[in-house]
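These protein sequence lines are chains P and S, in that order.
Once you know that position 94 of the first sequence is 94 in this note's numbering, the rest is easy, because the numbers rise by one and skip nothing.
In this note's numbering, each number is its position in the second sequence, counted from 1, plus 266.
The C-beta atom is built at its ideal place from N, Cα and C for all residues, glycine as well.
First the structure, in the form of structure tokens, and then the observations on it.
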Amino acid sequence: MFSGSARSKTGAFAVSQSLDPPLLAARDLALTVRGEPLLRNVDLDIHAARRLMILGANGAGKSLLLRCLHGLTRRTGGGVYWRGRPMDRAARRAQAMVFQRPVMLRRSVLSNLLFALGAAGVRKSERRARAQEALEQARLEHLARRPARLLSGGEQQRLALARALACRPEILFLDEPTASLDPAATLAVEQLISAAHSDGVAIVMVTHEAGQARRLGDDIVFLHRGAVAEAGRAAHCLSAPSSAPLQAWLEGRLYLEETRLSAEKR
Amino acid sequence: MSEIGAIFRAAFELILRWDSNLGEIVTLSLYVTFFAVALACCIGLPLGAAVGVFRFPGRTAATVLLNTLMGLPPVVVGLGVYLMLSASGPLGPLRLLYTPTAMIIAQLVLVTPIIAALARQITEDLNREYADQFTSLGVGPFRKLWAVLWDGRYSLLTVALAGFGRAVAEVGAVMIVGGNINHVTRVMTTSIALETSKGNLNLALALGVVLLAIAMAVNAVAMAVRASAMRAAYV
């Protein structure tokens with residue numbers, strides 16, 4: 001069970017929910033670009049079928065952390081481990097990611113799914129049925145023949161989710177998937193995420209909405225200036241934050257304080 | 267003025283009754299250019315895509331080389347192919363000099379760098395857009411290469427048509443390796459040069475009009491393809 005946030009030996013916070021070995025673990029993860037530390041001492045354990053929300057102000061390093069965990073951005077320090085072992089091709093195949101701006105191939109909705117299934121090594125004979133199933137789940141089956149890039153923003157994001165889930169990942173990374181969507185499209189995407197979680201997929205999602213983190217998250221990690229400021233159960237942390245940055249962020253003061261501090265520094 | 271008008275009239279008469287000599291020359295021109303461009307696409311598209319998509323040592327040098335080869339002078343290509351195919355050249359035993367095959371080879375050498383260089387640019391841009399998604403999906407190198415070629419198909423078709431336009435209008439290289447032999451290697455451009463020098467302006471002008479019509483048709487097809495692709499957001 002979840003045991004709350006705890007400082008690791010490196011001084012960073014770690015989310016640790018159970019005695020089960022984590023699906024994905026980050027240890028002392030760091031990313032420095034041109035001498036500037038963008039991520040520092042991040043320790044995380046992501047367990048199977050849990051939902052972890054990564055929160056933080058703009059520029060806190062949320063998306064970078066997600067990219068480092070998924071292997072899209074090469075970290076400069078620490079390690080990321082899949083079931084206790086360094087990441088490899090097989091580990092990558094057990095993961096999927098949906099981006100803030102969905103990347104649609106220049107082909108039909110169905111072909112986008114078939115391509116992903118082909119890349120995931122699914123047998124040709126099974127691909128069409130799997131794609132059809134994913135389209136039905138995302139309620140996009142009537143658009144199967146339409147060019148994917150002609151879909152609306154919400155439909156494209158649902159297709160991106162369907163494409164990711166069609167490959168049956170064990171863990172799904174989501175980088176602000178509803179950032180530019182209207183409430184109806186947001187609800188549709190959230191329903192798909194919840195359905196994926198019900199099927200046992202672990203969710204790691206970047207969001208800047210506390211409400212969404214409450215709705216969708218079991219656990220949260222709050223990043224502040226590239227380091228974990230607070231981590232723990234979503235319900236607890238978001239109602240009774242123990243760190244000053246999270247408290248300021250929830251009250252909408254963090255951006256103003258950061259701006260004031262940087263002005264004072266100048 | 268009336269003389270020029272008479273030449274135009276005679277030229278259009280040749281086209282309208284599709285003079286057998288004119289037909290033979292146009293057919294050979296299209297045959298040579300079609301095969302040269304088809305082969306250039308088979309080589310240039312994967313080559314350009316490989317340079318555009320893969321990261322390897324010397325990639326920048328390969329890009330510079332491709333871009334440089336785009337501007338190869340046709341007569342130099344003609345000379346190079348001539349030396350290769352001449353009796354004392356390494357491919358002399360194949361006896362290809364002064365045949366349509368030699369002309370196809372010359373046009374192939376000319377057009378392949380153009381197709382490869384333009385394909386590199388298109389596929390590199392596509393790959394940049396798809397890179398994160400490809401990495402996330404664990405797409406292998408050959409699937410990646412095929413994906414950018416397929417997704418860039420409409421832009422690449424325009425590239426192929428540009429190559430066709432370049433090849434069909436080429437005169438220097440095919441003149442050197444083809445020899446402009448009547449009924450064997452005489453194509454539109456070499457015929458125009460020859461007939462003009464002989465003073466047979468009717469045939470020269472008729473061929474010029476056909477050449478222009480082909481260039482216009484190729485451009486019209488390219489524009490239509492691109493417009494259709496844009497409607498489907500495939501470009």
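Q. If we call anything under 9 Å between Cβ atoms a contact, is V475(S) one with T455(S)?
A. Position 209 of the second sequence holds residue 475(S). Position 189 of the second sequence holds residue 455(S). The Cβ atoms of V475(S) and T455(S) lie no closer than 9 Å to each other.
(Q) Is there a Cβ of chain S sitting closer than 9 Å to that of P147(P), yes or no? (A) Taking the first residue of the first sequence as position 1, residue 147(P) is located at position 147. Closer than 9 Å: yes.
**Q.** Beta-carbon spacing of G226(P), A60(P) below 9 Å
**A.** To locate residue 226(P), count along the first sequence from 1; it is residue 226. To locate residue 60(P), count along the first sequence from 1; it is residue 60. It is a contact, given that the beta carbons lie within the stated cut-off.
Q. Which class does G11(P) belong to by DSSP, given the choice of helix, strand or coil?
A. For this step, residue 11(P) is matched to residue 11 along the first sequence. Note on G11(P): pLDDT 42, under 50, position unreliable in the model; the coordinate value appears next. Reduced to three states, the DSSP call for G11(P) is coil.
Q) Within 10 angstroms of its Cβ, does H449(S) collect 16 or more other Cβ (buried), or is it exposed? A) Position 183 of the second sequence, counted from the first residue, corresponds to residue 449(S). With fewer than 16 other Cβ atoms inside 10 Å of its own Cβ, H449(S) counts as exposed.
(Q) Please confirm whether T387(S) has its beta-carbon closer than 9 Å to some beta-carbon of chain P. (A) Against the second sequence, residue 387(S) aligns to sequence position 121. One point to set straight first is that residue 387(S) is Gln, not Thr, in the sequence displayed. So, not an interface residue.
Q. Is DSSP giving F320(S) helix, strand or coil here?
A. For the purposes of this step, residue 320(S) is taken as the residue at position 54 of the second sequence. Three-state DSSP puts F320(S) in coil, outside helix and strand.
Q) Going along the chain, which residues of its own chain have a beta-carbon closer than 8 Å to the beta-carbon of T424(S), five neighbours each way excluded? A) Within the second sequence, numbered from 1, the residue matching residue 424(S) stands at position 158. Only A488, V491 and R492 meet the Cβ criterion.
**Q.** S421(S) classed as buried or exposed, judged by whether at least 16 other C-beta atoms fall within 10 angstroms
**A.** Within the second sequence, the letter at position 155 stands for residue 421(S). Answer is buried; the Cβ neighbour count reaches 16.
**Q.** Under 8 Å by beta carbon: chain P residues contacting V405(S)
**A.** Translated into the one-based positions of the second sequence, residue 405(S) becomes position 139. Residues of chain P passing the Cβ test: A119.
Q: Inspect the CB distances between the stretch 113-127 of chain P and the stretch 163-173 of chain P and report whether three or more fall short of 8 Å.
A: Yes: the two stretches touch, three or more of their Cβ pairs being nearer than 8 Å.
Q | Straight-line Cα distance separating A272(S) from L469(S) | A | As a working mapping, residue 469(S) is identified with position 203 in the second sequence. As a working mapping, residue 272(S) is identified with position 6 in the second sequence. Using only the alpha carbons, I get a separation of about 12 Å.
**Q.** Assumed close pair A385(S), L311(S) - CB separation to whole angstroms, cut-off 8 Å
**A.** Within the second sequence, the letter at position 119 stands for residue 385(S). Within the second sequence, the letter at position 45 stands for residue 311(S). Going by Cβ atoms, the distance from A385(S) to L311(S) rounds to 5 Å, so yes, they are a contact pair.
Q: Give the secondary structure of W284(S) by DSSP, where H, G and I count as helix, E and B as strand, and everything else as coil.
A: Stepping through the second sequence from its first residue, residue 284(S) is reached at position 18. Three-state result, W284(S): coil.
Q. Who are the Cβ neighbours of T186(P) in its own chain at under 6 Å, not counting the five residues just before and after it?
A. Walking along the first sequence from the start, residue 186(P) turns up at place 186. Close CB contacts of T186(P) within its chain, under the 6 Å cut and outside five residues either way in sequence, are with T178 (chain order).
**Q.** Partners in chain P for R409(S), counting only beta-carbon separations shorter than 9 Å
**A.** Here residue 409(S) corresponds to residue number 143 of the second sequence, with the count starting at 1. When 9 Å is used as the limit between beta carbons, R409(S) is near these residues of chain P: F115, G118 and A119, in chain order.
**Q.** Residues near E290(S) by beta carbon distance below 6 Å, same chain, minus five either side
**A.** In the second sequence, counting from the first residue as 1, residue 290(S) sits at position 24. Nothing meets the Cβ criterion.
(Q) Just to check my reading of the structure: V443(S) and L363(S) have Cβ atoms closer than 8 Å, yes? What is that Cβ distance to the nearest angstrom? (A) Here the question's residue 443(S) lines up with position 177 in the second sequence. Here the question's residue 363(S) lines up with position 97 in the second sequence. That belief holds up - the Cβ atoms of V443(S) and L363(S) are roughly 6 Å apart, short of 8 Å.
**Q.** Continuous beta strand (DSSP E) assignments of at least 3 residues falling wholly in the stretch 11-63 of chain P
**A.** 13-15, 24-33, 36-46 and 51-56
Q: Determine which residues share a DSSP beta bridge with M97(P) and list them.
A: Locating residue 97(P) in the first sequence gives position 97, where the first residue counts as 1. Answer is F173(P), bridged to M97(P).
**Q.** Where the beta strand (DSSP E) through V80(P) begins and ends
**A.** Position 80 of the first sequence, counted from the start, is the residue given in the question as residue 80(P). Where V80(P) is concerned, the enclosing beta strand (DSSP E) stretches over G77 to W82.
Q. Does any residue of chain P bring its CB to less than 9 Å from the CB of S402(S)?
A. Locating residue 402(S) in the second sequence gives position 136, where the first residue counts as 1. Output row for S402(S): interface = yes.
Q | Option in R419(S), L349(S) and Y297(S) with minimal Cα separation from A499(S) | A | By 1-based counting over the second sequence, the position of residue 499(S) is 233. Nearest C-alpha to A499(S): R419(S).
Q: Identify each residue in the stretch 203-219 of chain P for which the Cβ-Cβ distance to at least one residue of chain S is less than 8 Å, and report them in chain order.
A: none
Q) If you compare alpha carbons, which of Y81(P), E126(P), P183(P) and I220(P) is closest to S242(P)? A) Within the first sequence, the letter at position 242 stands for residue 242(P). Comparing Cα positions, the closest option is I220(P).
**Q.** Reference I381(S), options F274(S), T329(S) and P323(S), closest by Cα
**A.** One-based indexing of the second sequence puts residue 381(S) at position 115. Of the listed residues, the one whose Cα sits closest to I381(S) is T329(S).
Q) Hey, how far is the Cα of K265(P) from the Cα of S111(P)? A) In the first sequence, counting from the first residue as 1, residue 265(P) sits at position 265. In the first sequence, counting from the first residue as 1, residue 111(P) sits at position 111. If I take the Cα positions, the gap works out to 53 Å.
Q: Compare the C-beta of Q373(S) with all C-beta atoms of chain P and state if any pair is closer than 9 Å.
A: Counting from 1 along the second sequence, the entry for residue 373(S) is found at position 107. No, no contact with chain P.
Q. Got a sec? Which residues, its chain only, sit under 6 Å from Q100(P) by beta carbon, not counting five neighbours each side?
A. Position 100 of the first sequence, counting from 1, holds the residue named residue 100(P). Listed in chain order, the non-local C-beta contacts of Q100(P) below 6 Å within the same chain comprise D175, E176 and A179, local neighbours out to five positions each way being set aside.
**Q.** Any C-beta of chain P under 9 Å from that of V501(S)
**A.** Within the second sequence, residue 501(S) is the residue found at index 235, counting from 1. V501(S) counts as touching chain P.
Q) Between A428(S) and V342(S), what straight-line distance do the alpha-carbon atoms span, to the nearest angstrom? A) Along the second sequence, one-based indexing puts residue 428(S) at 162. Along the second sequence, one-based indexing puts residue 342(S) at 76. Spanning the two alpha carbons is a distance of roughly 21 Å.
Q. Going by the CB atoms, is the gap between L39(P) and L24(P) shorter than 9 Å?
A. Reading the first sequence from its first residue, position 24 is the one you call residue 24(P). Reading the first sequence from its first residue, position 39 is the one you call residue 39(P). No, the pair does not count as a contact, with Cβ atoms beyond the cut-off.
Q) What is the DSSP secondary structure of G4(P), reduced to helix, strand or coil? A) On the first sequence, position 4 is the one that residue 4(P) refers to. Low confidence applies to G4(P): its pLDDT is 37, below 50, so where it sits in the model is not reliable enough to give any reading.
Q. Should F400(S) be labelled buried (16 or more other beta-carbon atoms within 10 Å of its own) or exposed?
A. As a working note, residue 400(S) is residue 134 in the second sequence. The residue in question, F400(S), is buried, as its Cβ has 16 or more Cβ neighbours within 10 Å.
Q) Residues of chain P with CB under 9 Å from A472(S), in chain order? A) Counting from one through the second sequence, the residue named residue 472(S) turns up at place 206. Here the premise fails: no neighbours, minimum Cβ distance about 42 Å.
Q | Contact set for E141(P): own chain, Cβ-Cβ below 6 Å, skip 5 residues either direction | A | Taking the first residue of the first sequence as 1, we reach residue 141(P) at position 141. Closer than 6 Å at Cβ, skipping near neighbours: L135.
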